[in-house]
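Under our numbering, the first residue of the sequence shown is numbered 1, with each subsequent residue one higher.
From the three backbone atoms N, C-alpha and C, an ideal C-beta is built for every residue, glycine too.
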Amino acid sequence: MEVCNEVEPYNLCNSYALKKGFSIRKGNIRRGVKNNIRERDYLCSKQGFYDDLCEVKTVHQLDTRTDQS
Numbered sequence: 001m002e003v004c005n006e007v008e009p010y011n012l013c014n015s016y017a018l019k020k021g022f023s024i025r026k027g028n029i030r031r032g033v034k035n036n037i038r039e040r041d042y043l044c045s046k047q048g049f050y051d052d053l054c055e056v057k058t059v060h061q062l063d064t065r066t067d068q069s
């Protein structure tokens, strides 16, 4: 399917997704030789995962002390 701008396919996918009960977000872009957009991914807005920002991360360091008495 060939379209004139980026907004048209996004609105089409988004309206379908909203009817089915979820929302979408824009994903990766694949460009052609002349730097025009050939393909764009539309993903479920909940696809993927993020690191837990509240989780405390510990950094283990080596014990580098030497006995110099």
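Excluding the 5 residues preceding and the 5 following residue i in the sequence, name in chain order all residues of the same chain whose CB lies nearer than 7 Å to its CB.
i	result
Arg25	Leu43, Ser45
Measuring alpha carbon to alpha carbon, tell me which residue in the options is nearest residue i.
i	options	result
Gly27	Thr66, Tyr10, Val33	Tyr10
In terms of residues, what are the limits of the alpha helix (DSSP H) holding residue i?
i	result
Cys13	7-20
Output the boundary residues of the beta strand (DSSP E) element that contains residue i.
i	result
Cys87	The first residue shown for the chain is 1 and the last is 69, placing residue 87 beyond what the model contains.
Gly27	24-31
Roughly how far, in whole angstroms, is the beta-carbon of residue i from the beta-carbon of residue j, given that I think they are within contact range, below 8 Å?
i	j	result
Gly32	Arg40	Rounded, the Cβ-Cβ distance is 12 Å, inconsistent with contact.
Could you name the residues of the same chain whose beta carbon sits closer than 8 Å to that of residue i, not counting the 5 residues immediately before and after it, in chain order?
i	result
Arg30	Ile37, Arg38, Glu39, Arg40
Glu6	Ile37, Arg40
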